[in-house]
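In terms of my numbering, the sequence shown has 336 at position 58, counting the first letter as 1, and numbering is strictly consecutive. Cβ coordinates follow ideal geometry from the N, Cα and C atoms, glycine included.
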Amino acid sequence: MKLYITPGIKEILDLTKIPAKYEIVDDLTSEVEVFAGSVYGVYKYYENLPNLKYILLTTAGFNQLDLNYLKSKNVKLTNARGAFSIPIAESVIAHILYVNRGLKTYQLQQENHEWIKHNDFIELTDSKVGFLGGGSIAEEILKRLKPFGITSLVFRSRNVLGPFDEVYTNQEGLEKLVSESDYIINTLPLDESTTNLFSKELISKMKLDAFYINVGRAGTHDEEALVDALEKGKIRGAYLDVFNVEPIDEDSKLWGVKNLYITPHNTPSSTKNDKRLEKLVLSNLNNYINQKELLNTII
279 MKLYITPGIK EILDLTKIPA KYEIVDDLTS EVEVFAGSVY GVYKYYENLP
329 NLKYILLTTA GFNQLDLNYL KSKNVKLTNA RGAFSIPIAE SVIAHILYVN
379 RGLKTYQLQQ ENHEWIKHND FIELTDSKVG FLGGGSIAEE ILKRLKPFGI
429 TSLVFRSRNV LGPFDEVYTN QEGLEKLVSE SDYIINTLPL DESTTNLFSK
479 ELISKMKLDA FYINVGRAGT HDEEALVDAL EKGKIRGAYL DVFNVEPIDE
529 DSKLWGVKNL YITPHNTPSS TKNDKRLEKL VLSNLNNYIN QKELLNTII
């Protein structure tokens with residue numbers, strides 16, 4: 279069985295642990311049956327791979343792939359759900375505290391040799407946090423927020439409470455979550471049901487002192503309306519790791535938006551990711567060849 283592994287993933291794998299039934303090939307040709315790697319290494323080519331039977335993604339997102347097409351060709355698809363949840367969660371907590379405790383202000387004061395005290399910084403304790411999406415990323419964030427005594431609300435497709443305090447599944451509930459939350463954390467995947475879900479209308483329902491975070495997918499919110507709300511002071515601030523156009527142009531207005539905190543789609547970054555991905559890839563390669571249940575099955 280011909281297996282193609284993208285170069286970056288091949289580097290982190292102990293290839294001796296891959297079952298001998300696989301023949302690892304160096305090129306993504308029409309003979310490849312199993313692909314392992316990032317969605318960006320396959321989304322332009324998968325429709326031209328007639329023998330493809332399994333796409334093993336090492337990325338969480340897969341919206342670039344046509345699921346109906348894959349189903350019609352009986353191609354299995356798994357992703358890396360959960361592999362990056364811990365570093366993403368830590369990035370979210372870091373930015374909330376960075377903003378709330380005025381760390382940027384103190385950093386600038388240190389650089390300018392200024393000794394100035396402030397008494398208007400914000401506590402996270404006892405806040406109400408609304409989650410858009412209740413998957414593994416949201417759960418890891420919540421796990422780190424619970425010691426602060428927060429109340430957690432979640433909007434999700436399934437009426438399952440899980441570790442959250444309140445769950446909403448319809449538009450009325452979504453509007454309630456948005457209007458009551460001190461922090462709104464978007465971890466949604468991008469699909470037909472979530473595209474532009476956090477709309478201009480919903481953004482207008484946010485509290486004046488609310489803070490918005492998106493570590494999911496950019497297409498799930500109205501970026502222009504969000505920037506407008508920030509520029510007009512209608513919300514306290516926002517932290518974005520995802521954008522409509524990436525990388526952001528050097529002359530983009532986003533760089534100068536007041537109270538907008540930017541990272542370059544890099545919250546999953548961690549020195550521990552390689553081990554997590556290696557475990558996932560090797561497990562699913564073994565499961566597939568032995569006809570066992572695959573981890574993180576999409577189709």
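Fully contained in the segment 343-401 are the following alpha helix (DSSP H) runs of length 4 or more, in chain order: 345-350, 363-378 and 381-389. Per the C-alpha coordinates, the member of Ile283, Thr549, Pro297 and Ile302 positioned closest to Ser316 is Ile283. Between Gly413 and Thr473, the C-beta spacing is not below 8 angstroms. Taking the CA atoms as reference points, Leu327 sits about 26 angstroms from Lys295.
Within the same chain, Cβ atoms closer than 6 angstroms to the Cβ of Thr429 are found at Lys406 and Asp443, the five residues on either side in sequence being excluded. The count of Cβ pairs closer than 8 angstroms, one atom from the segment 530-541 and one from the segment 554-564, stays below three, leaving the stretches out of contact.
By the 16-neighbour rule on beta-carbons within 10 angstroms, Asn492 is buried. Note that the C-beta distance between Asp500 and Phe521 is not below 8 angstroms. In this structure Ile577 is in contact with Lys354, their Cβ atoms being roughly 7 angstroms apart against a cut-off of 8 angstroms.
The three-state secondary structure of Ser430, taken from DSSP, is strand.
Here DSSP, grouped into helix, strand and coil, assigns Thr472 to coil.
For Ile567, the enclosing alpha helix (DSSP H) stretches over residues Asn551 to Ile567. Proximity to Pro297 across Tyr566, Ala516, Arg436 and Leu572 peaks at Tyr566, based on C-alpha coordinates. Exclusion of the five residues before and after Thr337 leaves Ser316, Val317, Tyr318, Asn357 and Ala358 as the residues of its chain whose Cβ lies within less than 8 angstroms of its Cβ. Counted as a single uninterrupted DSSP element, the stretch harbouring Gly315 is not any alpha helix (DSSP H) but the beta strand (DSSP E) occupying residues Val312 to Gly315.
Taking the C-beta atoms as reference points, Leu402 is found no nearer than 8 angstroms to Phe433.
Under the 8 angstroms Cβ criterion, the segment 382-400 does not count as touching the segment 441-457, having fewer than three qualifying pairs. If you look at Val407, you'll find it in the beta strand (DSSP E) that goes Lys406 to Leu410.
Take Tyr323, set aside five residues on each side of it, and the residues of its chain with a beta-carbon closer than 8 angstroms to its own are Leu306, in chain order.
In this chain, the beta strand (DSSP E) harbouring Glu444 covers Glu444 to Tyr446. Using a Cβ-Cβ distance cut-off of 8 angstroms, the segment 358-378 and the segment 548-555 are in contact, since at least three pairs of beta carbons, one from each stretch, lie closer than that value. Look at Lys295 here: in three-state DSSP terms it is helix. Looking at the DSSP output, Lys331 shares a beta bridge with no other residue. Under the 10 Å beta carbon count, Glu528 is surrounded by fewer than 16 other beta carbons and is classified as exposed. The segment 472-521 is shown to contain whole alpha helix (DSSP H) runs of 4 or more residues at 478-481 and 501-509, in chain order. Ala314 has its alpha-carbon roughly 35 angstroms from the corresponding atom of Leu532. Counting the other Cβ atoms within 10 Å of the Cβ of His373 gives 16 or more, which makes it buried. Judged by DSSP in its simplified three-state form, Leu538 adopts strand.
Around the C-beta of Glu418, 16 or more other C-beta atoms lie within 10 Å, and the residue is accordingly described as buried.
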